[in-house]
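The structure appears right after this line, and notes come after that.
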Amino acid sequence: MSKGQGFGGFGLGKMKELADAFKKAQQVQEGAKQLQEELEQLEIQGEAQGGLVKVVLNGNQAPQRVEISQEVLQESAEVVSDLVTAAMKDAYEKSTLTMRQRMEELTSGLNIPGL
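Heads up: the sequence shown begins at 27 in this note's numbering, then just goes up one per residue.
Shown next as structure tokens:
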């Protein structure tokens, strides 16, 4: 074993890097737990036909409610179905973007492959 290298060439500098990485991972884990709680409370609204149909999801993409205006109810079942589907897609896209942005904020400054 060469002087100052520690176990298997894993010197003190590498140990500090490893400790820092563990510390950052723990911070991310704590932040992820807090983020999960925030997302549960968040409401994201998708719309169709200028807001005549609204779908609300929480930040974890769980459906919360659907609002359909009386005006839309005069349409055929097929039209109502299409509008609800469009509002769902809008809400889903918005919630996915929100989740991605929040995760990027949480992991900013970290070099984690895949994030």
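Beta carbons are placed, not taken as given, at the ideal position from N, Cα and C, and that holds for glycine.
Looking only at Glu73, Thr122, Arg126, Arg91, the smallest Cα-Cα distance to aspartate 108 is reached by Glu73. About 5 Å separates the CB atoms of valine 81 and alanine 117; that is less than 8 Å, so the two are in contact. Out of Gln52, Lys49, Leu99, the CA that lies nearest to the CA of valine 79 is found in Leu99.
Between glutamine 60 and asparagine 86, the gap from beta carbon to beta carbon reaches 9 Å or more. Judged by DSSP in its simplified three-state form, leucine 65 adopts helix.
Beyond the five residues adjoining it in sequence on each side, glycine 57 comes within less than 7 Å, by CB distance, of Leu132 in the same chain, given in chain order. Using a 10 angstroms sphere on the CB of alanine 103, the tally of other CB atoms stays under 16, which defines it as exposed.
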